[in-house]
Every structure is written in C-alpha cells, then in structure tokens.
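Here the structure is laid out as structure tokens; the discussion comes afterwards.
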Amino acid sequence: MLKPINEVSLAKDLVRCQSVTPKDDGAINVVAKNLRKLGFKCQIMEFQEKGTAKIKNLYAKIGKSSPNFCFAGHTDVVPVGDLKSWTVNPFGGIIKNQKLIARGVSDMKGSIACFIAAVSEFIKKNKKLKGSISLLITGDEETIAINGTQKVIEKLIQKKEKINFCIVGEPTNENKIGEIIKIGRRGSITGHLTVIGTQGHVAYPHSSNNPSTIIVEILNKIKKLKLDRGSKDFQPSNLEVTKITIDNNADNMIPAEAKASFNIRFNKLHTSSSLKNKLNKIFSLITKKAKASYKIKYHVSGESFLTKPNKTVHMIKNIIKKSTGISPVLSTSGGISDARFIKNIAPCIEFGLIAKTIHQVDEMAKVSDLKKLKNIYLDILVNYFK
Ligand SMILES: [Zn+2]
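Here the working numbering is used: the first residue of the sequence shown is 118, the next is one more, and so on.
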C-alpha cells in the first residue's frame, strides 16, 4: 500500500532544486517521479525556440475517460536577489517558526506539492476514478514563457486532448488563504516608439526638427487617454510610460531620434489590435503635424480574458468558504499568468498560496497554509468527481 505524499516534504524536495528560470535543475523530474508512483502517465515535452534555452515541460495524466480535471503550474523561480539578506539558504528547504522559507515556495512550488499530495489521498480512497486528472507543469513561466505552457497547449490541441476544467496554482491570495480566486486577467501590450526628427545645431533650430518635443507631446497625449472606466469584472485599463531615451552626447545638438516605451494593461473593452489602431492614429497625426516620422514596435503578452463563473467555479468558491471561513472574491486583478494560454482549451481559474512574499527575500509559506491548501484541493477533487 502506497503512503500518501506529504505536501511539506514534497515542497521541500521541490525548493531544493535551484530552478532559477530558465534552469530546471531536476525540478520537473521530481514532479514526474512522484506522479509516476501514483500511476500517472508522464509525458516530458521539450521545446526550444531559436536563441532561447531548452525547456522541459510535463503533461501527466491518470485515467482515460472524461471529464479531465487539470492542475497547471510552473517550477521555474525568479533569482534570489540579495543572497546576504536571506535568513536561510533559499534552496535549503528549511523550516523556521513553522514557515518553509525558500525561493519559489509560494510562487509556486508549494501549490504543486499541495495538489500532488491531495491527488495521492484522493486516489487512495477512489480506486475507480470516473474521469481523469492531469497536471500541466512548465519550467518556463517567469520570463519569456514561449517554450512553456503555450507550446504544450498547442501540442494538446493537435492531439485532440480535452481538458474540462483547469485550476492554476498561482499565489492569488494577499494575506490569508481563501481571499481571492482569479477568474480572468487583463491583457498586456508593450509599445516601443521612435520619433525621427532632423538633427542640427541648437542655435539654428529653424533648420532642424527636434524629436524630443514631439515625443513629449505624444506621451502626454496617450497618458491622458481615458481608455475606459472599468467594468463589473475588470478595473480600468491603464497606460504607463516605462522608458524615455534620447541618446545625445552633445549639449549644443538637437538629436535626430527620441525613443520611448510604454505598457498598457487592458480589460475586455479592448483588444490589442483596437489599441494599436487608436495609438497609431495619434502617432501619425502628431508626427505629421510636426513634419517628422515615427516607427512603432508592439509586443502583445496576452489578450484579456474572463472565465464566466460556472457550476465548478461556484463549487470551488463554496469549498473555500467552508474550509477557511472566508468568502473568496472572484477577481481579475494583477499581472498576466499562464492562464492566458490555457483558457484557449478549458475554463480556467487560479487559486493558490499567499502572494505577500513572492519574488522577495525570505519568500515563505506557512506549514499550516500548505496543509490548508492541500485540503482545499482534495475537497475540490472529491466534489468534482462526485
Ligand atoms: Zn508564478
């Protein structure tokens, strides 16, 4: 008889892998090894776009029939930052004052451990699973995220693999387990703008055309755009200028070019293309008037999306409320996550540990919170397959 997997010891094994993105350091194999013991079929998928590091991903599944309940997550972590400021070795798997302090424990190796521990208890009691359980784990979420979940999803679509519901284990709560379920996210688009003027001597401005004046006017205009006022499910869209560069070493010279970057987090009232159209019109109008020209390069990290609360979302909300005493808010706040790819094949929500210490020195998860989350995942499985 197999002993159920303990969430704390598995979390310790995972954080001991120094999987600072894009390195894996054995983390995906730790997950696969544990799942194989439980009877999962594990498929390792490696992807490598030109000029990037090779990334290991895992799609593991137990059961063949429908419905397929999936858990998604990532094993890569952000760098430790200032190592001297940590009170413990960030990859030691050390528990101090009933807290597991380690890089990546909340974001999000801890929740992977909780889900696997929950599955191990669940299949021990439910030998004949009516449906299937799967895990989609990637080593490429924290940076470019192009050799990870996006490509695994493309593969799964090719193979006509069906996922009926997915929970992503990102740390969604701010202070306490139970506060927030994410049911969608805003989209994100970055623009890199170059305004091209005419270089010249500052004493003879009539024979040059200063692009700095023009770019300031443009940035002022786009920052003041009222994109929308938000909606029932989303906060207002927002634009922030993130960089202004005018490369010029001489005090007596009008530069030829001025550059700026900006990022917009946008809700369902826009798409990346509707925003591009709106902005390009402004760039074109202002540069034309100023007898200059412009170049723009956009990068879209994801469109906005929303999972309309269905039966399963309400079931999960009730379980969290029963188990924590807190009624979770259904939210679309925060940055982007891999849910933006998964939503293409399945309704998808996010629920995990507490985000308070993520990406910080002494990132930690309370041992009691790991147990709480494991029990919530277990109750979700029990109710989903009931
Ligand atoms: Zn994360």
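Ideal placement from N, C-alpha and C gives every residue a C-beta, glycine not left out.
Whole-Å CB distance - residue i paired with residue j, under 8 Å assumed
i, j, result
"Asp455", "Thr255", "7 Å"
"Ala177", "Leu252", "5 Å"
"Ser329", "Ala377", "Not a contact, Cβ separation roughly 10 Å."
"Leu310", "Ile413", "5 Å"
"Val484", "Lys213", "So it is not a contact: roughly 10 Å between Cβ atoms."
Cα-Cα separation, residue i to residue j
i, j, result
"Val222", "Lys398", "45 Å"
"Ser228", "Ala407", "54 Å"
"Cys187", "Val430", "14 Å"
"Asp486", "Ala230", "12 Å"
"Glu480", "Val197", "9 Å"
"Asn384", "Lys340", "17 Å"
"Ala472", "Gly295", "12 Å"
"Lys489", "Lys150", "24 Å"
"Ile298", "Asn290", "8 Å"
"Gln352", "Lys438", "24 Å"
"Leu344", "Ser391", "11 Å"
"Asp193", "Ile261", "12 Å"
"Lys181", "Gly452", "34 Å"
"Pro426", "Lys460", "13 Å"
"Gly419", "Asn292", "27 Å"
"His476", "Thr266", "21 Å"
"Asn369", "Val358", "27 Å"
"Lys506", "Leu273", "Absent from the model: residue 506. The displayed extent of the chain is 118 to 503, so no value can be given."
"Asp199", "Ile433", "38 Å"
"Val236", "Pro207", "27 Å"
"Gly248", "Thr362", "56 Å"
"Leu342", "Ser440", "44 Å"
In DSSP terms, what residue i is bridged to
i, result
"His309", "Ser378 and Lys414"
"Thr260", "Thr260 is not bridged to any residue."
"Met225", "Beta-bridge pairing links Met225 to no other residue."
"Ile488", "The amino acid at residue 488 is misidentified as Ile; the sequence shows Lys. Lys488 is not bridged to any residue."
"Val137", "Val194"
"His318", "Met370"
"Lys158", "Lys178"
"Met481", "Ile218"
"Val446", "Ile297"
Environment of residue i [buried if 16+ CB atoms lie within 10 Å]
i, result
"His191", "buried"
"Lys395", "exposed"
"Ser202", "exposed"
"His416", "exposed"
"Leu127", "buried"
"Asp141", "buried"
"Pro322", "exposed"
"His387", "buried"
"Met106", "The structure shown does not extend to residue 106, since the chain spans only 118 to 503, so no value can be given for it."
"Gly304", "buried"
"Gly156", "exposed"
Nearest to residue i (by Cα), restricted to the options the options
i, options, result
"Asn380", "Gly308, Lys244 and Asn264", "Gly308"
"Gly314", "Ile331, Tyr321, Gly301 and Gly304", "Ile331"
"Lys491", "Gly286, Lys279 and Tyr415", "Gly286"
"Tyr411", "Thr260, Tyr321 and Ile335", "Ile335"
"Pro445", "Glu467, Asn327 and Val236", "Glu467"
"Leu423", "Gln267, Ser450, Ile433 and Leu402", "Ser450"
"Lys97", "Asn292, Val148 and Glu166", "As displayed, the chain neither begins before 118 nor continues past 503, which places residue 97 out of reach and without an answer."
"Ala409", "Thr362, Ile475, Phe232 and Gln316", "Gln316"
"Ile179", "Ile280, Asn366, Leu356 and Thr311", "Ile280"
"Asp364", "Asp350, Arg382, Gly469 and Asn327", "Asn327"
"Ala367", "Lys277, Val319 and Ala463", "Val319"
"Phe164", "Val125, Lys268, Ser440 and Glu259", "Lys268"
"Ile493", "Thr474, Asn243, Ile233 and Ile306", "Ile233"
"Asn146", "Pro184, Pro139 and Cys134", "Cys134"
"Ser183", "Ser325, Ile250 and Pro288", "Ile250"
"Gly469", "Ile371, Asp257, Asn185 and Cys283", "Cys283"
"Leu246", "Gln160, Val205, Pro372 and Asn185", "Asn185"
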